[in-house]
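S.K.:
Residue numbers (our numbering), protein chains in the order written: chain A, 7 to 391; chain B, 8 to 257; chain C, 668 to 961; chain D, 761 to 1085.
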């Protein structure tokens, strides 16, 4: 009897909690301009979604504090996609039909972006993706823009440098997730035009804890450089393993690890590693003539003030998306189609990820100038000139 | 009917049964007795296909059924009950007996899911048949009770009804009287005879000597894994070796 | 680089990963043998060990050994709470409910760790430096020596504990027959609790000694736990040499597979081996006698 | 007995009626889209429940069959000119054949070992999705999967997809309910309660388990195929170990062996992120806690809880009515 009573109680408690949460979720009233955000705040791609959400929330707060856009406040509705396409589609539907947002920023991953594109296209809502996958905007889709630099641009930066150093044979080591496989595709696709030969092509799993086997194989292949494509913590383990194995050839990383966290994790092993990165991590080292410098410094300082950690260029994608939207709304109002048309007219917008110029044929808007090559020196990022 | 030929069972160096042979006449009631650890339940487990014997053969009629799986044996008409009453606790009494009728029905997963006409008819037939068996053992009143809520004595009866539903040629009962009071035991003796009247051969392992001597026509005595004696109740009662084994003398 | 030293490197890598798997496998075996439970939350103890150490180090200014001891104590406390709150009150002890409860606990602990410590990965400083040691043209980190050493120590301690101490013997008795053990006056409940204590302690120890190499974050427990399980299945659910051999074999197969066949399918190899062993020889490759259970 | 059966038919018809009428009230609401996913998840939960709730056999690799359905359908329709309906049938067929083949060795295992083996199987399939980039598109996913269509009627909006998915789900629910009260259902539940006794009664337990495993894979693959054709983009991340655990949670929370319970569980887990928006990040802790608490205190799941509460309330009302009289 006692157990029965307890079970009944438990049932009611759960029922009440669920009810309160639903009620709670409904209780928010609808203020002026609504912007939707789809970020993978949790799940395997949280390293993208979390800084993106933080940045977007920070910007909305700042914009509203400064009086909003033409006197109208912004409201950001963030939905966590957990890196799951189904949840992303669900979220996009909610943003469009329930919250009736004027525009959407995100999703964080290429997968989520590809999944929501049909929904967003049909609804006719502008979306600025923060994911890097080339297929998001190629071919061009009417309502879809993106701010994250194509992986091809990062690859080009590395390959150009290799050409300069007269290195022809490289080994690539990529993580087997969306980020790594996209990098792998681009590395392979563009090798030929730079006269580079990939003589060893290895992968590792996102949860792997030791890559010495792959690196031993790479060492035996006689490659002159290693390019590793992944996000934390894998590349840090690769860096340590390279050091452990005493491999002396240059090691390149991708922009996936262009944050202080990588240096912290890799420790001494990070010294001398080069990678293509957005300018954000070397903001203060940029020459004053750099168009982006102002935006970069403002982003870096306010992020640090608010969240006590360094902002990274993933957050920068959200910064760019948000500021692009802000600009478009200021000029064209909050009608989705007007925002879209205005976005397409964006020229030379100096953001965090680069200088954006959208056209009807190009919804990615960046050139390879968006990336700079940086090197780890004395546990810090150093711009390679 | 049932013939066991030089069965030996060794568990990791421990000999549980050694060269046991006997045969059971059709339509008879045979008791298997012996002190604890004599190997009675092991013998049942081998005959019903739950254990794989180290050596020896089992025949049902002329058919060599050694190493047959229990589900095959059930189809051949050999069933058993368990010492600790293995009911389907979450199912109703009626449903328990209906599981016993599994081999007497054929509907496959497809016709069951789509409730094809043949399946509906079959289901009706099974249900009626199951009621008949519950009436046979006197459990019809409890048909809708969930099996785990049955009192122990009725659980025994349910197990027997369920086994009878298979319409066996031979039924092996493992201590059917264990845990029953004297009134229930008397009822059980009656039921066993009633089962025999249906033409079913019965083998039972039992500690209740009164019951064994009462119903059994022939008795096999096991001790320490070996067959000690085989005979009528009277012969067994007078057998010196048996008395010695039970009283613990050498 | 010539082939022999390449092979030596694969073998060294395999052995050092294998030792980690074995250590994690121990935890599984100890609980399984004392209670029949396969603790799906075992990997979380590994995570807790590493995370506690890192956070104790960052909050208290104490030397590493002290932090390690504290971290093991905290993880063990989590193990105790888990047993007291979720395992002992359970009346309906079907294997299915136990599987679900331990999965639930694993999710819960992981989630709580994420909420408390965030999603970032953290590195623990190496116990004795980062200068690689050279062995026949291959290299190994000093931390690997720590892993080998501690694994060996734990095997010995296990052996001594279960063979010679009263408590260890009592735990073995429970493993054989809990009812009989209770008849001779052994408190079975205490023994079950103790198995969680020992297993949480060993699990967290494993988590601590690998953290300088592999780094740690709230979600490292799943994969490491599963690999540890593979090791213990290959070895036949013992907390002795069988599991060590199982772990080392798994590590070797993974590393040789990654080196000579394909690194992409490295984890698939591990699981194919697991399935094959479960299908063909569920008692494990190195199971000796029935009497070697604990 | 007859009354019980009639009541069951009545409950199902009522449920089906509500399901069919819902879109009228939710015109243009995003909630319709959520319901499409609830439908797919209900299919998956029912499939797992057949195995876990009826036969008592755990599977931590259900997501693999879901994924196989999605990927076979997706690959056939994007890389070959195969009609989506045909692809759905082929996908379900392939998944069932695979389940049948691996079912024999896998279902020989029991309890924890079965859990681990199915988990291993799930991870192997996941790795294959991830690594066979030329076919599956690898981790970046497979896009451009066509919608299903019936003549001029294309399943490309929420309302159409809703009816598509829910017709399938209602069908599977009805068939599962039928199954549970048949010879096969009884045999499965008998295996769950006592496998030895079931075998002695002539139930071929191994075959029965393999059969239901195959059916479960079949339904999961259909769900996968529907998922692929409604969402038009798939990536391996949706078919990993985490999703298998999520499915397990749905079945446990809803109630083992209860088909409506599976619906309830699927609904709660699909909606939970919505509920928890205020307390984001808490969902995984809450999943874990729910799994533990419900297994410990409410083995019959929330459906059991609801039934019990209704009973208690009914008794109270009856009691007070008698007092008043």
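Every residue, glycine too, gets a C-beta built ideally from N, C-alpha and C.
Whole beta strand (DSSP E) runs in the segment 145-181 of chain A with 3 or more residues, listed along the chain?
M.R.: The segment 145-181 of chain A contains these whole beta strand (DSSP E) runs: 150-152, 175-181.
S.K.: Listing by chain order, which chain A residues have their CB less than 7 Å from the CB of residue 677/C?
M.R.: Ordered by position in chain A, the residues that pass the 7 Å Cβ test against residue 677/C are 219, 222.
S.K.: I'd like to know if residue 957/D contacts chain B, where contact means its C-beta is closer than 9 Å to some C-beta of that chain.
M.R.: Chain B, which has a Cβ nearer than 9 Å to the Cβ of residue 957/D, makes this yes.
S.K.: Considering only the beta carbon of each residue, do residue 742/C and residue 842/C sit closer than 9 Å?
M.R.: Not a contact, by the Cβ cut-off of 9 Å.
S.K.: Does the beta carbon of residue 849/D come closer than 9 Å to any beta carbon on chain B?
M.R.: Output row for residue 849/D: interface = no.
S.K.: Assign residue 851/C to buried or exposed, taking buried as 16 or more other Cβ atoms, counted over all protein chains shown, within 10 Å of its Cβ.
M.R.: Its Cβ having fewer than 16 others within 10 Å, residue 851/C is exposed.
S.K.: Report the residues of the segment 981-1009 of chain D with a CB closer than 8 Å to any CB of chain B, ordered along the chain.
M.R.: Those would be none; no residue qualifies.
S.K.: Run through chain D and tell me which residues come within less than 7 Å of residue 161/A, C-beta to C-beta.
M.R.: By Cβ distance, chain D contributes nothing, its closest Cβ being about 15 Å from residue 161/A, past 7 Å.
S.K.: Consult DSSP for residue 989/D and reduce its assignment to one of helix, strand or coil.
M.R.: Correct three-state label for residue 989/D: helix.
S.K.: List the endpoints of the continuous beta strand (DSSP E) containing residue 280/A.
M.R.: Residues 280-283.
S.K.: Is the beta carbon of residue 98/A sitting closer than 9 Å to the one on residue 111/A?
M.R.: Result no, Cβ atoms of residue 98/A and residue 111/A do not sit closer than 9 Å.
S.K.: Closer than 7 Å by beta-carbon distance: list the chain C residues that pair up with residue 865/D, in chain order.
M.R.: By Cβ distance, chain C contributes 946.
S.K.: In angstroms with no decimal places, state the Cα-to-Cα distance between residue 257/B and residue 231/B.
M.R.: Any answer about residue 257/B is weak, because its pLDDT of 48 lies below 50 and its placement is not dependable; what the coordinates show is given next. Going from the Cα of residue 257/B to the Cα of residue 231/B covers about 13 Å.
S.K.: What residues of chain A sit near residue 825/C, judged by a beta carbon separation below 8 Å?
M.R.: Those do not exist, as residue 825/C stays about 24 Å from chain A at its closest Cβ, beyond 8 Å.
S.K.: My assumption, with CB atoms under 8 Å, is that residue 176/A sits in contact with residue 202/A. Please give the rounded CB distance.
M.R.: With a Cβ gap of about 6 Å, residue 176/A and residue 202/A count as contacting.
S.K.: Give me the chain B residues within the contact set of residue 954/D, using Cβ-Cβ distance strictly less than 9 Å, ordered along the chain.
M.R.: Those are 89, 93, 94, 95, 96, listed as they occur along chain B.
S.K.: Below 8 Å on the Cβ atoms is my contact criterion, and I expect residue 284/A with residue 260/A to pass it. Report the Cβ-Cβ distance as a whole number of Å.
M.R.: Incorrect: roughly 12 Å between the Cβ atoms, too far for contact.
S.K.: What would DSSP say about residue 1068/D, mapped onto helix, strand or coil?
M.R.: Helix, per DSSP.
S.K.: Do you know how far the Cα of residue 58/A is from the Cα of residue 153/A?
M.R.: Approximately 12 Å, taken between the alpha carbons.
S.K.: Under the DSSP definition of a beta bridge, which residues are partnered with residue 207/A?
M.R.: Partner(s): 178/A.
S.K.: Who are residue 361/A's beta bridge partners in DSSP?
M.R.: 356/A, per the DSSP bridge assignment.
S.K.: Which of the three DSSP states, helix, strand or coil, is assigned to residue 8/B?
M.R.: Coil.
S.K.: Between which two residues does the beta strand (DSSP E) containing residue 234/A stretch?
M.R.: 231-235 is the extent of the beta strand (DSSP E) around residue 234/A.
S.K.: Who does residue 71/B pair with in a DSSP beta bridge?
M.R.: For residue 71/B, which the question treats as bridged, DSSP gives the partners 66/B.
S.K.: Roughly how many angstroms lie between the CA atoms of residue 782/D and residue 929/D, to the nearest whole one?
M.R.: Computed Cα separation, rounded: 15 Å.
S.K.: Listed from N- to C-terminal order along the chain, which residues in the segment 60-88 of chain A have their beta-carbon within a distance smaller than 7 Å of any beta-carbon of chain D?
M.R.: Cβ contacts with chain D come from 86.
S.K.: Along chain D, which residues have their Cβ under 9 Å away from the Cβ of residue 110/A?
M.R.: Near residue 110/A there are no residues of chain D at all, since even the closest Cβ is about 13 Å away, more than 9 Å.
S.K.: By how many angstroms is the C-alpha of residue 91/B removed from the C-alpha of residue 698/C?
M.R.: Cα-Cα distance, rounded: 29 Å.
S.K.: Tell me, please, whether the segment 888-895 of chain C touches the segment 708-722 of chain C by the rule of three or more beta-carbon pairs shorter than 8 Å.
M.R.: Yes: at least three Cβ pairs fall under 8 Å.
S.K.: Any beta carbon of chain A sitting closer than 9 Å to that of residue 1043/D?
M.R.: Output row for residue 1043/D: interface = yes.
S.K.: Evaluate contact between the segment 164-179 of chain B and the segment 379-389 of chain A, counting only Cβ atoms and requiring at least three cross-stretch pairs below 8 Å.
M.R.: Cβ pair count under 8 Å is below three, so no.
S.K.: Name the residue from 868/D, 927/D, 898/D whose alpha carbon lies nearest to the alpha carbon of residue 779/D.
M.R.: Out of 868/D, 927/D, 898/D, 927/D has the C-alpha closest to the C-alpha of residue 779/D.
S.K.: Under the rule that 16 or more other beta-carbon atoms within 10 Å means buried, what is residue 248/B, buried or exposed?
M.R.: Answer is exposed; the Cβ neighbour count stays below 16.
S.K.: Would you report the Cα separation of residue 805/D and residue 736/C, rounded to the nearest angstrom?
M.R.: Taking the straight line from one Cα to the other gives about 44 Å.
S.K.: Can you check whether the C-beta of residue 881/D is within less than 9 Å of a C-beta belonging to chain A?
M.R.: For residue 881/D, the answer is no, since every Cβ of chain A falls outside 9 Å of its Cβ.
S.K.: By DSSP, does residue 948/C sit in helix, in strand, or in coil?
M.R.: Looking at residue 948/C - three-state DSSP - the assignment turns out to be coil, as it is neither helix nor strand.
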